[in-house]
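Q: Under the working numbering, think of the first position of the sequence shown as 92, with each following residue one higher.
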Amino acid sequence: MNHANAPFDPVSLKIMWDRLVSLTDECLEAMVRASFSTTVRECYDLSVTVMDRQGYFMAQGSQSIPSFTGSTPASLKHMLDRFPPETLVPGDVLCTNDPWMGTGHVFDLTVMRPVFRGDEIVAYTMSISHLPDIGGVGYGTAGSEIYQEGLRLPVCKLVEAGTVNETVLELLRYNTRVPEQVIGDFMANVNCNQIAGRELLAYTGEYDLDQLDDLSWAIRDQSEQAMRTKIRALRDGVYEHSIKIEGFPDPITLACRIEIAGDSMHIDYAGTDASVPRGINAPYCFTNSYSLYAVKCLVGLTTPNNQGVMAPISVAAPEGSCLNTLPPSPTGARHLTGYFCMPLIFGTLADAGSEQLQADSGMLNVFNMQGRHKDGRPVTALYFSSGGFGALDGHDGWPNTALPANVAIVPAEVWENVTGMEVVRKGLRPDTGGPGTARGGLGGETVLRNATGYPMTVFGMECRTVFPPVGMLGGCPGEFRETRINGEPVVYRSSYRLEPGDVIELLECGGGGYGDPYDRDPAKVLEDVRHGFVTRDGALRDYGVTVDLDSMAAERVRPAAE
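Have a look at this one:
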């Protein structure tokens, strides 16, 4: 199809584009309101996208998480390979949670619905959400093969011609710990896609569009040109970098080589270590998503997500590596490897001329809690916590802010009601943000007590326990992450048993600092001490500043050399 004369002036295109994003936002909120699990309802671990009839990704809900940005076009292709468009009928809804056809692990459900006008497909809608449970050993690092991690659904029809596939629902009832929540979330996805299809037909009718292909091309073309302009501003060249992260038991090396040539970029993870027999491996779809997201953040592009943004960037990773793992490798906690694509890319391109460089962030911390509520009902729930945000040039990092995932934290009142556990204390940890001209964000402290009256099994998925969030351009690292049970440190990334009355402490790491700490304005150090972000000892040790809160004075004095 020739799009050269697509009939959209700039003002009309902007309005129609914003309306389309707003439509996905509405459908995303519909899924949140219909969902049964806190993972979706409170934490927003989800995505909604619209694709044209050619399968090109046009628009995505604004609160979608980065894991699901780069995976949707490939997921649609897998679904249409299994059920070609000519075999689909109105009312069909397809789904899968296969890690290599979806988003990287069995805990994410991908649901797609073709949008029909009469007998013709005009678009596809797709939603993704993190399930509270899918059987197996549960969400965590414990699996040594994919088969242990839970029920794995191939591409299948969840709804066929408007009739729900009861066989799929029966499989879920028989294989999950909290079937009411799981099936509720499945049907929330169905509801979301039904609303999206209805609203898309109303949208095309309002603008008198018989198809979305021309609008899709206009959106993607403008986005691609914007991204190419941003990449062109970087310095051409080949850049290399590597980092180490926690493994089982030995550290894992992640390597990156990036070539910038004009307005395009190629990212290659050659040199990255092989997959390991624990559930921390990332399939290519997950690695690709976080690579694309990292570049978009690095160049400061504010254009809404669509396939045009991805066009100038190619990503490669060696097959069988922990950034392109293959079946039957376990992938449950693939974020413990894949999230590190972002700081790895930032470090690789530190000398490429970007003004958006950021020190390492403390990243997300996830615990899977399994047991019984005090009223006896089964409990499987995810507790999300977060380290501090990495500092940027001229900007202190935010405390307790997740990056690269943008999920929310479950409110204490909701957590207590859903699980029966008690939230004893939540607060910030002074001196955990990496010192720098701009200080890293503080890590938090959360204390939970098992008040259910039953034993509780906790699957830990910690990172930043051995390798802290590093600083940027002279900034210092943030503090390490730590988990304690009844005051004693635990072995990380393991399963822990909480007896009734036991207490678990989640001590989050701080973000890395940016720039030399001795260049930080003493007045800012004074404010940090006044607010409790930095102790007076920390001010002297890390910034060379003495602080007197009585007189509200701060003075730079370099400490004696050790």
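Think of the CB as a built atom: it goes at the ideal place given N, C-alpha and C, for glycine as much as any other residue.
Within the same chain, show all residues whose beta-carbon is closer than 6 Å to that of valine 557, passing over the 5 residues directly before and after it, in chain order.
A: Start at 1 with the first residue of the sequence shown, and residue 557 comes out as number 466. If we look at valine 557 and ignore the five residues flanking it on each side, its Cβ neighbours are Glu337.
Q: Report the residue ranges of all alpha helix (DSSP H) runs contained in full by the region 108-143; include only those spanning at least 4 residues, in chain order.
A: As far as the region 108-143 is concerned, its whole alpha helix (DSSP H) runs of at least 4 residues are 129-132.
Q: Comparing C-alpha positions only, which one of Val250, Glu271, Asp304 and Gly518 sits nearest to tyrosine 147?
A: Your numbering for residue 147 matches position 56 in the sequence shown. Taking only the C-alpha atoms, the option nearest tyrosine 147 is Asp304.
Q: Pairs of beta-carbons, one from the region 616-625 and one from the region 588-602, closer than 8 Å: are there three or more?
A: Touching, no, given that fewer than three Cβ pairs across the two stretches are closer than 8 Å.
Q: Cα separation between proline 580 and leucine 440?
A: As a position in the sequence shown, residue 580 is number 489, starting the count at 1. As a position in the sequence shown, residue 440 is number 349, starting the count at 1. One C-alpha to the other measures close to 36 Å.
Q: For the alpha helix (DSSP H) that contains glycine 234, what are its first and last residues?
A: Taking the first residue of the sequence shown as 1, we reach residue 234 at position 143. From DSSP, glycine 234 is part of no alpha helix (DSSP H); its letter is neither H nor E.
Q: If glycine 532 and aspartate 487 are in contact, beta carbons under 8 Å, what's the gap, nearest whole angstrom?
A: Indexing the sequence shown from 1 puts residue 532 at position 441. Indexing the sequence shown from 1 puts residue 487 at position 396. Contact holds; Cβ gap of about 7 Å.
Q: Taking just the CA atoms, how far does methionine 318 sit from serine 366?
A: In the sequence shown, counting from the first residue as 1, residue 366 sits at position 275. In the sequence shown, counting from the first residue as 1, residue 318 sits at position 227. Cα-Cα distance, rounded: 32 Å.
Q: Distance check for asparagine 508 and arginine 348, CA to CA, integer angstroms please.
A: In the sequence shown, counting from the first residue as 1, residue 348 sits at position 257. In the sequence shown, counting from the first residue as 1, residue 508 sits at position 417. If I take the Cα positions, the gap works out to 48 Å.
Q: Here's a check: name, in chain order, each residue in its chain whose Cβ is nearer than 6 Å to the Cβ of glutamate 315, leaving out the five neighbours to either side.
A: As a working note, residue 315 is residue 224 in the sequence shown. Hits under 6 Å: Gly399 and Ala402.
Q: Can you tell me which of the three DSSP states methionine 318 falls into?
A: The sequence position of residue 318 within the sequence shown is 227, counting from 1. Three-state result, methionine 318: helix.
Q: Less than 8 Å separating the beta-carbons of isoleucine 473 and asparagine 459?
A: Locating residue 473 in the sequence shown gives position 382, counting from the first residue. Locating residue 459 in the sequence shown gives position 368, counting from the first residue. Here residue 473 turns out to be leucine, not isoleucine, going by the sequence shown. Yes, Cβ-Cβ distance for leucine 473 and asparagine 459 is below 8 Å.
Q: Alanine 542 bridges to which residues according to DSSP?
A: Counted from its first residue, the sequence shown places residue 542 at position 451. According to DSSP, which records beta bridges pairwise, alanine 542 is partnered with nothing at all.
Q: What does arginine 463 pair with, by DSSP beta-bridge criteria?
A: Along the sequence shown, one-based indexing puts residue 463 at 372. BP columns for arginine 463 point to Pro469.
Q: Tell me the rounded alpha-carbon separation between cysteine 247 and serine 405.
A: As a first step, residue 247 is located in the sequence shown; it is residue number 156 there, counting from the start. As a first step, residue 405 is located in the sequence shown; it is residue number 314 there, counting from the start. Computed Cα separation, rounded: 30 Å.
Q: Just to check my reading of the structure: valine 112 and methionine 122 have Cβ atoms closer than 8 Å, yes? What is that Cβ distance to the nearest angstrom?
A: As a position in the sequence shown, residue 112 is number 21, starting the count at 1. As a position in the sequence shown, residue 122 is number 31, starting the count at 1. Wrong, their Cβ atoms sit about 16 Å apart, outside the cutoff.
Q: Give the DSSP-derived three-state secondary structure of phenylalanine 277 in the structure shown.
A: Within the sequence shown, residue 277 is the residue found at index 186, counting from 1. Looking at phenylalanine 277 - three-state DSSP - the assignment turns out to be helix.
Q: Which whole-angstrom value describes the C-beta separation of proline 176 and isoleucine 212, a residue pair presumed to lie in contact below a C-beta threshold of 8 Å?
A: Looking up residue 176 in the sequence shown gives position 85. Looking up residue 212 in the sequence shown gives position 121. Between isoleucine 212 and proline 176 the Cβ distance is about 6 Å, and since that is below 8 Å, they are a contact.
Q: Looking only at its own chain, which residues have a Cβ that is under 6 Å from the Cβ of serine 158, when we skip the five neighbours before and after it?
A: In the sequence shown, residue 158 corresponds to position 67, counting from 1. Cβ within range, chain order: Thr194 and Ser380.
Q: Could you have a look at tyrosine 381 and say whether DSSP puts it in helix, strand or coil?
A: By 1-based counting over the sequence shown, the position of residue 381 is 290. Reduced to three states, the DSSP call for tyrosine 381 is helix.
Q: Leucine 597 and serine 445: beta carbons closer than 8 Å?
A: Taking the sequence shown and counting its residues from 1, the one referred to as residue 597 is at position 506. Taking the sequence shown and counting its residues from 1, the one referred to as residue 445 is at position 354. Taking 8 Å as the Cβ cut-off, leucine 597 and serine 445 do not qualify as a contacting pair.
Q: Just the C-alpha distance for leucine 392 and leucine 417, rounded to the nearest angstrom, thanks.
A: Translated into the one-based positions of the sequence shown, residue 392 becomes position 301. Translated into the one-based positions of the sequence shown, residue 417 becomes position 326. Rounded to the nearest angstrom, the two C-alpha atoms are 32 Å apart.
Q: Can you check the region 310-357 for any alpha helix (DSSP H) of at least 4 residues that lies completely inside it and give the ranges in chain order?
A: Fully enclosed alpha helix (DSSP H) runs of 4 or longer: not present.
Q: Would you kindly check if the distance between the Cβ of glycine 275 and the Cβ of phenylalanine 127 is under 8 Å?
A: On the sequence shown, residue 127 is found 36 positions in, with the first residue counted as 1. On the sequence shown, residue 275 is found 184 positions in, with the first residue counted as 1. Yes, these two residues count as a Cβ contact at 8 Å.
Q: If you draw a straight line from the alpha carbon of threonine 637 to that of glutamate 570, how long is it in whole angstroms?
A: Here residue 637 refers to the residue found at position 546 when the sequence shown is read from its first residue. Here residue 570 refers to the residue found at position 479 when the sequence shown is read from its first residue. Cα to Cα, the separation comes out at about 22 Å.
Q: Of the residues Ser220, Glu297 and Asn282, which one's Cα is nearest the Cα of arginine 110?
A: Mapped onto the sequence shown, residue 110 falls at position 19. Among Ser220, Glu297 and Asn282, the Cα nearest to that of arginine 110 belongs to Glu297.
Q: Find the nearest neighbour of tryptophan 191 within the set Ala424, Pro101 and Phe377, judged by alpha-carbon distance.
A: Counting from one through the sequence shown, the residue named residue 191 turns up at place 100. Among Ala424, Pro101 and Phe377, the Cα nearest to that of tryptophan 191 belongs to Phe377.
Q: Could you check which residue in Gly525, Phe480 and Ala125 has the C-alpha nearest to that of glutamine 272?
A: One-based indexing of the sequence shown puts residue 272 at position 181. Of Gly525, Phe480 and Ala125, the residue nearest in Cα terms is Ala125.
Q: Could you tell me the boundaries of the beta strand (DSSP E) in which glutamate 586 lies?
A: If you number the sequence shown from 1, residue 586 lands on position 495. Reading off the sequence, residue 586 comes out as serine, not glutamate. First-last of the beta strand (DSSP E) with serine 586: 586-589.
Q: Give the secondary structure of glycine 629 by DSSP, where H, G and I count as helix, E and B as strand, and everything else as coil.
A: Here residue 629 refers to the residue found at position 538 when the sequence shown is read from its first residue. Helix at glycine 629.
Q: From the DSSP secondary-structure annotation, give me the bridge partner or partners of valine 206.
A: For the purposes of this step, residue 206 is taken as residue 115 along the sequence shown, with counting starting at 1. Note: valine 206 sits in a beta bridge opposite Ala214.
Q: Enumerate in chain order the residues of its own chain whose CB-to-CB distance from threonine 548 is below 7 Å, with the five nearest sequence positions on each side excluded.
A: In the sequence shown, residue 548 corresponds to position 457, counting from 1. Contacts found: Gln461, Gly462, Ser586 and Arg588.
Q: Among Leu564, Gly429 and Val102, whose alpha-carbon lies nearest the alpha-carbon of alanine 309?
A: By one-based count along the sequence shown, residue 309 stands at place 218. Looking at the Cα atoms, Val102 is the closest of the given residues.
Q: Where does leucine 640 fall in DSSP's three states?
A: By 1-based counting over the sequence shown, the position of residue 640 is 549. In the structure shown, leucine 640 sits in coil (DSSP, three-state: anything other than H, G, I, E or B).
Q: On a Cα-Cα basis, can you pick out the residue from Thr232, Asp327 and Ser218 that is closest to valine 281?
A: To locate residue 281, count along the sequence shown from 1; it is residue 190. Ranking the options by Cα distance to valine 281, first place goes to Ser218.
Q: Please classify arginine 289: is it buried, with 16 or more other beta-carbons within 10 angstroms of its beta-carbon, or exposed?
A: Counting from one through the sequence shown, the residue named residue 289 turns up at place 198. Burial call: exposed.
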